[in-house]
Amino acid sequence: MGPLEERLGEVQARIADAARAADRDPAGITTIVVTKFHPPQLVRELATLGVLDIGENRHQEAQDKAAALSDLPLRWHFIGQLQSNKAKAVRRYAYAIHSIDRPSLVTALGTGDPLDVFVQVDLSGEPGRGGVDPEALDALVDDVLAAPDLALRGLMTVAPIGADPARAFARLRELGERVRLVAPEATALSMGMSGDFVEAIREGATHLRIGTAITGNRPQQR
Ligand SMILES: *Cc1c(COP(=O)(O)O)cnc(C)c1O
């Protein structure tokens, strides 16, 4: 067994343990493996280990990898900040976009094949990290619901640095409950990374975005 398979197995075991401890069915949790900065070959190895949900945060890199790996039945999850002028291009390869954070991005995505989306909520209070302010969430949700070809799956967040991640995840769960009053099918919560996925599972995460705990350290950013 190579190191990648070993780390994947360890993380999958921890996910299953955390789910059982929270009285949840592990089958209700999707693990997206975040492969940013890693070469396509790593994604290919992950696919041979059964991983088909792949997360990327930069359009150019994601597009290149999707093209290089088009022979595989991968589901590309776009999880990074997205410029409006790249929205249409991301739509062509993305299975889901987790980072809808402003009305102009909804407009820019326009129409096309149905696309799963998550609204990203900023719980850090610091501008520039991506995500909509909780105050503006309801209006943005209305915009997404009015877009004919976008299917709102739920909410996404990144836990603020230096704060208790469990509090942020609990907050996202509460905001999700509120969104469900107007969008009953928006049940998903995309939260939990390498350092905090156990807390996220405890608070109801349905989509984990895990990078380094599975891939090992990322190569230097170019
Ligand atoms: C990189 C990234 C992750 C994964 O981070 P790790 O700490 O490597 O698990 C998750 N979500 C987003 C939005 C990211 O950019």
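Under numbering that gives the first Met the number 0, the first residue of the sequence shown carries the number 0, and numbering increases by one thereafter.
Backbone N, C-alpha and C fix where the C-beta goes; we use that ideal spot for every residue, glycine too.
- If you look at leucine 114, you'll find it in the beta strand (DSSP E) that goes 114-119.
- Closest option to alanine 145, judged by alpha-carbon separation, among Phe196, Val181, Leu81 and Pro164: Val181.
- With a 10 Å radius around the Cβ and a threshold of 16 neighbouring Cβ atoms, aspartate 100 comes out buried.
- For serine 103, the enclosing alpha helix (DSSP H) begins and ends at 102-108.
- For the set Val116, Arg166, Phe117 and Ser103, the Cα lying nearest the Cα of serine 123 is the one of Arg166.
- Rounded to whole angstroms, the Cβ separation of leucine 154 and leucine 139 is 10 Å, and the two are not in contact under 8 Å.
- At a cut-off of 7 Å, the beta-carbon of glycine 210 counts as near ligand 1: some heavy atom of the ligand is closer than that.
- With respect to leucine 207, threonine 47 sits apart: the two C-beta atoms are not nearer than 8 Å.
- By the beta-carbon neighbour count (other beta carbons within 10 angstroms, threshold 16), glycine 191 is buried.
- Within its own chain, the residues whose Cβ lies closer than 6 Å to the Cβ of aspartate 148, once the five positions on either side in sequence are excluded, are Thr110, Gly111 and Pro113, listed in chain order.
- Our two residues, alanine 107 and alanine 169, have alpha carbons roughly 31 Å apart in a direct line.
- Under the three-state reduction of DSSP, arginine 57 is assigned to coil, being neither helix nor strand.
- DSSP, read as helix, strand or coil, puts serine 83 in helix.
- Within its own chain, the residues whose Cβ lies closer than 6 Å to the Cβ of leucine 45, once the five positions on either side in sequence are excluded, are Val32, listed in chain order.
- Of the residues Ser83, Arg152 and Lys64, the one whose Cα lies closest to the Cα of histidine 97 is Arg152.
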